[in-house]
């Protein structure tokens, strides 16, 4: 997520929650914490949070972390293919 997208997230929170203040420090912190997250996924979680909660979200409440790729399953499939090729 780039800084402009972080501003959009913070602006949405500020619009929905009148007591949520957007400060320079908050922009810096949220930018650091959200930089590796997908904007659309975080925005979707934020919108759901707004529907369900009367208090503004913390970073943790709207964070969406990508699961690391698990290469184990692909390796097993590769071994099976190689084993099948050797048997023919």
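Numbering (our numbering), first residue to last: -5 to 82. In this text, a Cβ means the ideal position worked out from N, Cα and C, and glycines have one as well. The model shown is predicted, which means the values in this text are computed figures rather than measured ones.
Closest to residue -1 by C-alpha separation, out of 23, 28, 8, 73, would be which residue?
What you label residue -1 is simply residue 5 of the chain shown in a count that begins at 1. Considering only alpha carbons, the answer is 28.
Does the segment 43 to 56 touch the segment 4 to 19, meaning 3 or more C-beta pairs lie closer than 8 Å?
Of all C-beta pairs linking the segment 4 to 19 to the segment 43 to 56, three or more are shorter than 8 Å, placing the two stretches in contact.
What number of angstroms, rounded off, separates the C-alpha of residue 30 from the C-alpha of residue 73?
For this step, residue 30 is matched to residue 36 along the chain shown. For this step, residue 73 is matched to residue 79 along the chain shown. The C-alpha of residue 73 is placed about 33 Å away from the C-alpha of residue 30.
Residue 22 versus residue 4 - alpha carbon distance
Indexing the chain shown from 1 puts residue 22 at position 28. Indexing the chain shown from 1 puts residue 4 at position 10. Straight-line Cα distance between these residues: approximately 11 Å.
Report yes if the C-beta distance between residue 35 and residue 58 is below 9 Å; otherwise report no.
By one-based count along the chain shown, residue 35 stands at place 41. By one-based count along the chain shown, residue 58 stands at place 64. Against a cut-off of 9 Å, the Cβ pair of residue 58 and residue 35 comes out as a contact.
C-beta contact flag for residue 39 and residue 60 at 9 Å:
For the purposes of this step, residue 39 is identified with residue 45 of the chain shown, where counting begins at 1. For the purposes of this step, residue 60 is identified with residue 66 of the chain shown, where counting begins at 1. Contact flag unset, no.
Please confirm whether residue 63 and residue 33 have their CB atoms less than 9 Å apart.
Translated into positions along the chain shown, residue 63 becomes position 69. Translated into positions along the chain shown, residue 33 becomes position 39. No, the Cβ-Cβ distance between residue 63 and residue 33 is not below 9 Å.
Using only CA atoms, which one of 69, 65, 79, 6 lies nearest to residue 42?
Residue mapping note: residue 42 aligns to position 48 of the chain shown, counting from 1. For the residues 69, 65, 79, 6, the minimum Cα distance to residue 42 belongs to 6.
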